[in-house]
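For reference, the structure discussed in these notes is given below.
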Amino acid sequence: MRGVLRFERKGKLSPRFVGPFEILERIGPVAYCLALPPSLSTVHDVFHVSMLRKYVPDPSHVVDYEPLEIDENLSYTKQPVEVRLER
Numbered sequence: 000m001r002g003v004l005r006f007e008r009k010g011k012l013s014p015r016f017v018g019p020f021e022i023l024e025r026i027g028p029v030a031y032c033l034a035l036p037p038s039l040s041t042v043h044d045v046f047h048v049s050m051l052r053k054y055v056p057d058p059s060h061v062v063d064y065e066p067l068e069i070d071e072n073l074s075y076t077k078q079p080v081e082v083r084l085e086r
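Residue numbers for the sequence shown follow numbering that gives the first Met the number 0, so the first one is 0 and each next one is one higher.
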């Protein structure tokens, strides 16, 4: 598959695996239906076991985030964002 774009990258730089995704059900002895996000809506959701890989949990995969503080009237404060144009 030379020159094929996969996930906006082509060639050696395209990711070998994406995920992890939840397994919804087993379809036959060697196929599984996965819960794919809307961004992968063009991809068929049933995969052969040879295309799947077991997920090994890694603490570095967890992304810490700050929860959004919401006022009682369900509003939030807007903060300016710096936009830089570099050429």
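Glycine included, C-beta positions come from ideal geometry on N, C-alpha and C.
Quick caveat, the model's predicted, so the values are computed rather than measured.
Would residue i and residue j qualify as a contact pair, given that the criterion is a beta-carbon distance under 8 Å?
i: Val45; j: Ile22; result: no
i: His47; j: Val61; result: no
For residue i, I'd like the list of residues in its chain whose CB is within less than 6 Å of its CB, leaving aside the five on either flank, ordered along the chain.
i: Tyr54; result: Pro19
Between the options, which lies nearest to residue i when the distance is taken from Cα to Cα?
i: Glu24; options: Glu71, Leu35, Arg15; result: Leu35
i: Thr76; options: Arg83, Glu68, Leu39; result: Glu68
Got a sec? Which residues, its chain only, sit under 7 Å from residue i by beta carbon, not counting five neighbours each side?
i: Leu51; result: Tyr31
Once the 5 residues before and after residue i are set aside, which same chain residues still bring their CB inside 8 Å of it?
i: Glu71; result: none
Taking Cβ positions only, does residue i come closer than 8 Å to chain D?
i: Tyr64; result: The structure shown contains no chain D, having only a single protein chain.
Which partner residues does residue i have in the DSSP bridge list?
i: Leu108; result: Not covered by the structure: residue 108. The range shown for the chain is 0 to 86.
Looking at the ligand MN, does it come within less than 7 Å of residue i, judged from the CB to the closest heavy atom?
i: Pro79; result: Within the structure as shown, the ligand MN is missing, as the structure has no ligands at all.
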